[in-house]
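The sequence shown begins at 8 in the numbering used here and counts up one residue at a time.
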Amino acid sequence: MSVASLFFIFAGLVVIEVPIAFALIAATMTFLTIASPLPLTIVAQRMVSGLDSFPLLAMPLFILAGNLMNRAGLASRIFAFALSLLGHIRGSLAHVNIGSSIIFAGMSGVAQADAAGLGTVEVRAMRKAGFDPAFAAAVTAASSIIGPIIPPSVIMVIYAVIAQVSVSDLFLAGILPGLLMGGFMMLMVWVLAVTGRIHAPVRPRATAREIGRTFMAALPSLLAPVILIAGLLSGAATPTELGALTVVYAIGVGFVQGELTLEGLRRSVIETGVTAGVLIFIIAAAIPFGWVVSINNLPAQLATTLLGLSNDPNVILLLVNLILLVAGLVMETTAILLIAVPALLPLALALNIDLVHFGVVVVLNLLIGATTPPFGVLLFIMMDIAKVSLGRLVIAMLPFYVALLGALLVVTFWPSFVLFLPNLLGR
Numbered sequence: 008m009s010v011a012s013l014f015f016i017f018a019g020l021v022v023i024e025v026p027i028a029f030a031l032i033a034a035t036m037t038f039l040t041i042a043s044p045l046p047l048t049i050v051a052q053r054m055v056s057g058l059d060s061f062p063l064l065a066m067p068l069f070i071l072a073g074n075l076m077n078r079a080g081l082a083s084r085i086f087a088f089a090l091s092l093l094g095h096i097r098g099s100l101a102h103v104n105i106g107s108s109i110i111f112a113g114m115s116g117v118a119q120a121d122a123a124g125l126g127t128v129e130v131r132a133m134r135k136a137g138f139d140p141a142f143a144a145a146v147t148a149a150s151s152i153i154g155p156i157i158p159p160s161v162i163m164v165i166y167a168v169i170a171q172v173s174v175s176d177l178f179l180a181g182i183l184p185g186l187l188m189g190g191f192m193m194l195m196v197w198v199l200a201v202t203g204r205i206h207a208p209v210r211p212r213a214t215a216r217e218i219g220r221t222f223m224a225a226l227p228s229l230l231a232p233v234i235l236i237a238g239l240l241s242g243a244a245t246p247t248e249l250g251a252l253t254v255v256y257a258i259g260v261g262f263v264q265g266e267l268t269l270e271g272l273r274r275s276v277i278e279t280g281v282t283a284g285v286l287i288f289i290i291a292a293a294i295p296f297g298w299v300v301s302i303n304n305l306p307a308q309l310a311t312t313l314l315g316l317s318n319d320p321n322v323i324l325l326l327v328n329l330i331l332l333v334a335g336l337v338m339e340t341t342a343i344l345l346i347a348v349p350a351l352l353p354l355a356l357a358l359n360i361d362l363v364h365f366g367v368v369v370v371l372n373l374l375i376g377a378t379t380p381p382f383g384v385l386l387f388i389m390m391d392i393a394k395v396s397l398g399r400l401v402i403a404m405l406p407f408y409v410a411l412l413g414a415l416l417v418v419t420f421w422p423s424f425v426l427f428l429p430n431l432l433g434r
């Protein structure tokens with residue numbers, strides 16, 4: 008029984024809608040039962056030992072921080088501040104939407120939190136201003152993936168644990184690509200507005216007094232990413248410690264401003280437990296799956312096959328992009344990360360591709376996949392919020408796919424851009 012059968016079993020289970028984690032465990036145990044003398048207890052042992060990771064503790068902390076920020080009403084304050092700064096530009100609220108996501112990215116490491124938290128505020132405001140609901144949903148879905156690129160980022164924490172690279176370096180490497188993504192999307196909105204492809208009413212320019220008022224209201228929100236990035240730049244704390252600090256800060260701000268109640272805190276903890284529990288279970292299930300793949304030498308075989316096509320790092324990175332983008336069409340983001348990264352790491356090492364740069368490339372590919380049909384989770388969140396069909400939403404997403412793919416190409420083929428901040432700090 009070849010290791011390829013492991014993937015066929017897994018794919019078959021996913022097709023019949025077995026949850027990802029159970030499909031991974033079932034495929035692993037079936038393969039070991041038929042093709043290996045190893046006891047099945049090795050699956051449980053690998054699951055437990057694989058989760059024994061201090062950096063992984065940052066994941067539920069950043070999820071909780073994002074949930075608390077939403078409960079504390081910080082999303083609406085961020086939106087109001089971005090509106091005062093960007094509302095007068097051609098494209099108006101679409102630019103505000105993207106700008107809000109860039110700011111909110113420094114508080115929540117999960118794209119779903121951005122889409123569900125800010126998305127409700129943004130789509131309502133854009134519909135009220137006369138924007139097409141499908142376009143409002145599309146710009147929100149596209150901009151929400153900036154969140155896991157700019158630190159903090161749950162998916163980058165998972166990659167760092169798998170690839171054994173510094174979480175801090177990955178976080179720093181995501182800042183410039185995240186800003187680039189926002190810039191490309193704003194440029195696309197401006198082009199659509201100028202050419203008349205979208206109805207984008209322009210608001211009057213805000214006065215200095217109004218900008219100052221919204222800035223002061225949003226200041227507690229704006230300080231959260233400042234604290235996080237300052238901690239990373241100074242090396243004063245680990246990402247996990249900064250995650251805990253962000254949670255404490257969010258609770259303090261929420262209670263001081265009077266918008267976070269004990270009931271809201273309780274609900275935030277429950278929501279975090281559900282979200283983090285699902286992710287951690289998928290991670291645990293993927294660890295023995297990846298181990299079986301590894302001991303059967305599949306990563307080395309894959310590296311040999313792709314290197315047989317070309318030994319040019321740029322060509323290989325382009326192939327990796329294609330593989331991950333296609334995988335993103337049919338699989339959940341975390342599952343792809345946990346299965347593909349162990350298989351692709353030997354390839355990156357063989358070509359001396361920096362694993363921090365490689366991580367940003369991988370993460371950006373997977374996040375784009377979260378916005379693509381038929382299984383893009385962000386599409387379904389926005390369909391529910393904006394009450395639009397999948398077909399209309401995907402058509403409205405097309406210009407943003409162009410912008411995101413443009414950003415992906417820059418990130419892929421310009422590693423010095425991605426690594427500028429980590430190298431500047433002498434990693």
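Ideal Cβ placement from N, Cα and C applies to all residues, glycine included. As the structure is a prediction and not an experimental result, all values here were calculated from the model.
* Residue from L336, V337 and V363 with nearest C-alpha to V348 -> Translated into positions along the sequence shown, residue 348 becomes position 341. Out of L336, V337 and V363, V363 has the C-alpha closest to the C-alpha of V348.
* Near I402, what residues of its chain come up, given a Cβ to Cβ distance below 8 Å and the 5 sequence neighbours on each side ignored? -> Taking the sequence shown and counting its residues from 1, one reaches residue 402 at position 395. Answer for I402: A141, listed in chain order.
* **Limits of the unbroken alpha helix (DSSP H) element including N321** => Start at 1 with the first residue of the sequence shown, and residue 321 comes out as number 314. It spans P320 to V337 - the alpha helix (DSSP H) in which N321 sits, taken as one unbroken run.
* **Own chain, CB closer than 7 Å to P208, minus 5 neighbours either side, in chain order** => As a first step, residue 208 is located in the sequence shown; it is residue number 201 there, counting from the start. Only S99, A136 and G137 meet the Cβ criterion.
* Asked: E278: buried (16+ other C-beta within 10 angstroms of its C-beta) or exposed?
  -> Here residue 278 is taken as the residue at index 271 of the sequence shown, counted from 1. It counts as buried.
* Asked: So, helix, strand or coil for N372, using DSSP?
  -> The residue you call residue 372 lines up with position 365 of the sequence shown. DSSP places N372 in helix when its eight states are reduced to three.
* Just confirm the distance between the C-beta atoms of P429 and L179, as a whole number of angstroms; I'd bet it's less than 8 Å. => Along the sequence shown, one-based indexing puts residue 429 at 422. Along the sequence shown, one-based indexing puts residue 179 at 172. Confirmed, Cβ separation roughly 5 Å.
* Contacting residues, own chain, Cβ-Cβ under 8 Å from L239 (five flanking each side not counted) -> Sequence index remark: in the sequence shown, residue 239 carries index 232 (1-based). Within the same chain, L239 has close Cβ partners P158, S175, F178, L179, P246 and L249.
* **Touching by the beta-carbon criterion (3+ pairs, under 8 Å), the segment 141 to 151 and the segment 406 to 418** => yes
* **The alpha helix (DSSP H) enclosing H102, as first and last residue numbers** => As a first step, residue 102 must be located in the sequence shown, where it is residue number 95. Counting along the chain, the alpha helix (DSSP H) containing H102 begins and ends at L100 to F111.
* Asked: Leaving out five residues before and five after L385 in sequence, what residues of the same chain have Cβ atoms less than 8 Å from its Cβ?
  -> Counting from one through the sequence shown, the residue named residue 385 turns up at place 378. Excluding sequence neighbours, L385 sits near A118, Q119, A122, A148, S151, I152, A377 and T378.
* To do: Report yes if the C-beta distance between A350 and L314 is below 8 Å; otherwise report no.
  => Walking along the sequence shown from the start, residue 350 turns up at place 343. Walking along the sequence shown from the start, residue 314 turns up at place 307. It is not a contact, given that the beta carbons lie outside the stated cut-off.
* **Closest residue to P232 among R210, L415, A72 and G203 (Cα-Cα distance)** => Residue numbering aside, residue 232 sits at position 225 when the sequence shown is read from its first letter. The residue with the shortest Cα to Cα distance from P232 is A72.
* With a 10 Å radius around its C-beta and 16 neighbouring C-beta atoms as the bar for buried, classify R212 as buried or exposed. => Here the question's residue 212 lines up with position 205 in the sequence shown. Counting Cβ neighbours within 10 Å, R212 comes out exposed, since fewer than 16 surround it.
* Asked: CB-CB under 7 Å to L20, same chain, minus the five flanking residues each way: which ones, in chain order?
  -> As a working note, residue 20 is residue 13 in the sequence shown. Correct list, in chain order: A30, A33 and A34.
* Proximity of I437 and L272 at Cβ, strictly below 8 Å -> Summary: the structure shown does not reach residue 437, with the chain confined to residues 8 through 434, and so no result is reported for it.
* Asked: Do L252 and I234 have their C-beta atoms closer together than 8 Å?
  -> One-based indexing of the sequence shown puts residue 252 at position 245. One-based indexing of the sequence shown puts residue 234 at position 227. Contact: yes.
* Please name the residue in L269, V161 and M338 whose C-alpha comes closest to that of V22. => The residue you call residue 22 lines up with position 15 of the sequence shown. Selected option, being the one with the closest Cα: M338.
* **Neighbourhood of I182 by C-beta distance below 8 Å, restricted to the same chain and skipping five residues each side** => Counting from 1 along the sequence shown, the entry for residue 182 is found at position 175. Excluding residues within five positions, the ones whose Cβ falls inside 8 Å are I157, P158, I236 and L428.
* Asked: Contact check, S275 vs L125 under 8 Å by CB: the rounded distance?
  -> Indexing the sequence shown from 1 puts residue 275 at position 268. Indexing the sequence shown from 1 puts residue 125 at position 118. In fact, because the Cβ distance is near 16 Å, the residues do not count as touching under 8 Å.
* Buried or exposed: which applies to P227, given that a residue is buried once 16 or more other Cβ atoms fall within 10 Å of its Cβ? -> Locating residue 227 in the sequence shown gives position 220, counting from the first residue. The residue is buried, with at least 16 neighbouring Cβ atoms inside 10 Å.
* Could you give the distance in angstroms between the alpha-carbon of N104 and the alpha-carbon of M223? -> The count along the sequence shown starts at 1 and reaches residue 104 at position 97. The count along the sequence shown starts at 1 and reaches residue 223 at position 216. Near 19 Å, if we compare the C-alpha coordinates of M223 and N104.
* Would you call E24 buried or exposed, if buried means 16 or more other Cβ atoms sit within 10 Å of its Cβ? -> Within the sequence shown, the letter at position 17 stands for residue 24. By the 16-neighbour rule on beta-carbons within 10 angstroms, E24 is exposed.
* Between the beta-carbon of L415 and the beta-carbon of L373, is there less than 8 Å? -> As a position in the sequence shown, residue 415 is number 408, starting the count at 1. As a position in the sequence shown, residue 373 is number 366, starting the count at 1. Against a cut-off of 8 Å, the Cβ pair of L373 and L415 comes out as no contact.
* What did DSSP end up calling G242 once you bin it into helix, strand or coil? -> As a working mapping, residue 242 is identified with position 235 in the sequence shown. Three-state DSSP puts G242 in coil, outside helix and strand.
* Verify whether the separation of the beta carbon atoms of P62 and A167 is less than 8 Å. => Along the sequence shown, one-based indexing puts residue 62 at 55. Along the sequence shown, one-based indexing puts residue 167 at 160. Going by C-beta atoms, P62 is nearer than 8 Å to A167.
* Residue nearest to I96 in terms of C-alpha spacing, selected from F69, R134 and L199 -> As a first step, residue 96 must be located in the sequence shown, where it is residue number 89. The shortest C-alpha separation from I96 is found at L199.
* Asked: Is the beta carbon of L344 sitting closer than 8 Å to the one on I162?
  -> Residue 344 sits at position 337 when you count from the first residue of the sequence shown. Residue 162 sits at position 155 when you count from the first residue of the sequence shown. With contacts defined as CB atoms closer than 8 Å, L344 and I162 qualify as a contacting pair.
* What residue from H102, R53 and N318 has the CA that sits closest to M192's CA? -> For the purposes of this step, residue 192 is taken as residue 185 along the sequence shown, with counting starting at 1. For the residues H102, R53 and N318, the minimum Cα distance to M192 belongs to H102.
* Is it a yes or a no for the segment 316 to 329 touching the segment 87 to 95, going by three-plus beta-carbon pairs under 8 Å? -> no
* In three-state DSSP terms, what is T214? -> Against the sequence shown, residue 214 aligns to sequence position 207. In this structure, T214 counts as coil in the three-state DSSP scheme.
* Do the CB positions of P481 and V369 come within less than 8 Å of each other? -> Nothing about residue 481 can be reported from this structure: the residues present for the chain run from 8 to 434 only.
* May I ask you to report which of helix, strand or coil DSSP gives G383? => Numbered from 1 along the sequence shown, position 376 holds the residue referred to as residue 383. In the structure shown, G383 sits in coil (DSSP, three-state: anything other than H, G, I, E or B).
* To do: For the alpha helix (DSSP H) holding V395, just list the boundary residues, first then last.
  => To locate residue 395, count along the sequence shown from 1; it is residue 388. Looking at the DSSP string, V395 is not in any alpha helix (DSSP H), and its letter there is neither H nor E.
* Contact belief for A342 with I27 at Cβ below 8 Å, rounded distance in angstroms -> One-based indexing of the sequence shown puts residue 342 at position 335. One-based indexing of the sequence shown puts residue 27 at position 20. Yes, A342 and I27 are in contact; Cβ-Cβ is about 5 Å, under 8 Å.
* If you compare alpha carbons, which of P67, M133, A144 and L39 is closest to S396? -> Locating residue 396 in the sequence shown gives position 389, counting from the first residue. It is A144 whose Cα lies nearest to the Cα of S396.
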